[in-house]
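>
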Ligand SMILES: Cc1cc2nc3c(=O)[nH]c(=O)nc-3n(C[C@H](O)[C@H](O)[C@H](O)COP(=O)(O)OP(=O)(O)OC[C@H]3O[C@@H](n4cnc5c(N)ncnc54)[C@H](O)[C@@H]3O)c2cc1C
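Residue numbers (the numbering used here): -13 to 387.
Put into structure tokens, the structure is as follows:
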């Protein structure tokens, strides 16, 4: 056992763990991170690989979340131009489109404009995109514009009933590289990062934690001490609270699987499509690795964390059916060359559907004795900047009320 007491011990080498390690090491804290597998081996390499403001969250009135993400979007683009780039998203519109999902906006529209019968009017989309353009002080990325699909190249792969689209900006990032770069920079700033090292126990002494590690290849055990413990175990966040820290907690995690399908390239331009479904959900079709198109994602309850997330036939067929409502070329299961899935570790806010569960961060802080913090993360990652100080303070205050 080493007697040295570090400032911070982080469980989990996904984007949250590695982003926090980099941020904390950069602030001069002594940091140790343990990852049971490889860096970014779980959710952080299975995302849609976008950093965006979350256009659809506007329908949930999540204005703060969207504003923060939009501001962060341009900061990230400037910070990592070698692994990220801007993308234009084409959102086709047809006036028969309905949204069955019970978002706060659809409920409000049903009350004030009952004759719309679930239709998502064009002015609502324009309003959403206007807010999206202006909420976050966009400077680098080009604004929204209208596209005439009857003449534009973006209309060619789509069914002829789509005559109009809105085109807006968001960004792409190589998600797994982003994690590895954060870890490397954390190490350059003095952090120690162990991979294939599982945290099997953590015991709270008066003012610090004793963390027991297991080398998953040799089975050897070792210990580290730290004044503060960060639980950034992603889908395992609840497991770590209950089984590793052996704490009683009322905080629940909701595991929501998201799957993607990959097909041979479906169209010849470099823009993405944003498709709205009749179930209130949206999916993206994105140019992928030069010769392919990436289509996703789904929202499916994932009950057992130890079960490797895989795209089920139902999820595959759902995505094919969704895309076939837009593309001229009708896809079948034979067009799918690859699938991948990840599990979102969402904070259980009691929402009835997986789609409606909050995608915002929830940071729970317990500072009795050796301090501990658990991260329940949604779709928003704060990778390069990690967690800025004001956010820590606010989250701490929130958790004490
Ligand atoms: C389908 C899908 C699409 C998404 N798309 C986007 C997107 O486009 N843009 C976006 O910003 N976000 C997106 N997200 C969300 C984003 O991917 C997650 O918020 C983020 O990856 C969560 O990172 P994490 O570090 O918390 O978890 P993870 O990446 O899962 O990392 C947790 C790590 O902890 C390790 N661990 C667990 N227990 C232990 C233990 N006892 N000891 C040691 N290590 C342990 C695990 O092995 C794992 O590597 C998407 C998510 C999904 C599922």
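For glycine and all other residues, C-beta sits at the position ideal for the given N, C-alpha and C.
(1) Got a sec? Which residues, its chain only, sit under 6 Å from residue 163 by beta carbon, not counting five neighbours each side?
(2) With hydrogens ignored, establish whether the beta-carbon of residue 98 is closer than 6 Å to any heavy atom of ligand 1.
(3) Tell me which same chain residues have a C-beta within less than 7 Å of the C-beta of residue 283, skipping the five on either side of it?
(4) So if DSSP puts residue -6 in a beta bridge, which residue, or which two residues, is it bridged to?
(5) Per DSSP, residue 350 is paired with what?
(6) With DSSP run on the structure shown, which of helix, strand or coil describes residue 366?
(7) Which word fits residue 9, buried or exposed, when buried means at least 16 other C-beta atoms lie within 10 angstroms of its C-beta?
(8) Quick one: grab the DSSP three-state call for residue 64.
(9) Mind checking whether residue 297 and residue 75 have CB atoms under 7 Å apart?
(10) Using the three-state DSSP reduction, which class does residue 162 fall into: helix, strand or coil?
(11) Is residue 4 helix, strand or coil by DSSP?
(12) Mind the definition here: the segment 189 to 197 touches the segment 169 to 181 only if three or more C-beta pairs lie below 8 Å; say whether that holds.
(13) Taking 6 Å as the cut-off, does the CB of residue 251 come closer than this to any heavy atom belonging to ligand 1?
(14) Can you tell me where the alpha helix (DSSP H) with residue 302 in it begins and where it stops?
(15) I'd like the span of the beta strand (DSSP E) that includes residue 78, first residue to last.
(16) Report the three-state DSSP secondary structure of residue 203 (helix, strand or coil).
(17) Residue -4 and residue 6: beta carbons closer than 7 Å?
(18) Please find out if some non-hydrogen atom of ligand 1 comes closer than 6 Å to the beta-carbon of residue 224.
(19) According to DSSP, simplified to helix, strand and coil, what is residue 278?
On the basis of the supplied data:
(1) By one-based count along the chain shown, residue 163 stands at place 177. Excluding positions up to five away in sequence, the list reads 69.
(2) Within the chain shown, the letter at position 112 stands for residue 98. For ligand 1, not one heavy atom lies less than 6 Å from the Cβ of residue 98.
(3) The residue labelled residue 283 in the question sits at position 297 within the chain shown. 34, 244, 245, 246, 269, listed in sequence order.
(4) Within the chain shown, the letter at position 8 stands for residue -6. 17, 214, per the DSSP bridge assignment.
(5) Residue mapping note: residue 350 aligns to position 364 of the chain shown, counting from 1. Its beta-bridge partners are 360.
(6) Along the chain shown, read from residue 1 onward, the residue named residue 366 stands at position 380. Only weak support is given to the placement of residue 366: the predicted model assigns it a pLDDT of 42, under 50, and the value that follows is read from those uncertain coordinates. In the structure shown, residue 366 sits in coil (DSSP, three-state: anything other than H, G, I, E or B).
(7) The residue you call residue 9 lines up with position 23 of the chain shown. It is buried - the Cβ of residue 9 has at least 16 other Cβ atoms within 10 Å.
(8) Counting from one through the chain shown, the residue named residue 64 turns up at place 78. Helix at residue 64.
(9) Walking along the chain shown from the start, residue 297 turns up at place 311. Walking along the chain shown from the start, residue 75 turns up at place 89. Going by C-beta atoms, residue 297 is not nearer than 7 Å to residue 75.
(10) Taking the first residue of the chain shown as 1, we reach residue 162 at position 176. Residue 162: helix per DSSP, three-state reduction.
(11) Taking the first residue of the chain shown as 1, we reach residue 4 at position 18. Reduced to three states, the DSSP call for residue 4 is helix.
(12) no
(13) Residue numbering aside, residue 251 sits at position 265 when the chain shown is read from its first letter. No.
(14) Counting from 1 along the chain shown, the entry for residue 302 is found at position 316. 299 to 310 is the extent of the alpha helix (DSSP H) around residue 302.
(15) One-based indexing of the chain shown puts residue 78 at position 92. 70 to 79 is the extent of the beta strand (DSSP E) around residue 78.
(16) The count along the chain shown starts at 1 and reaches residue 203 at position 217. Here residue 203 sits in coil by DSSP.
(17) Sequence index remark: in the chain shown, residue -4 carries index 10 (1-based). Sequence index remark: in the chain shown, residue 6 carries index 20 (1-based). Taking 7 Å as the Cβ cut-off, residue -4 and residue 6 qualify as a contacting pair.
(18) As a working note, residue 224 is residue 238 in the chain shown. Residue 224: no, Cβ never under 6 Å from ligand 1.
(19) Sequence index remark: in the chain shown, residue 278 carries index 292 (1-based). Reduced to three states, the DSSP call for residue 278 is strand.
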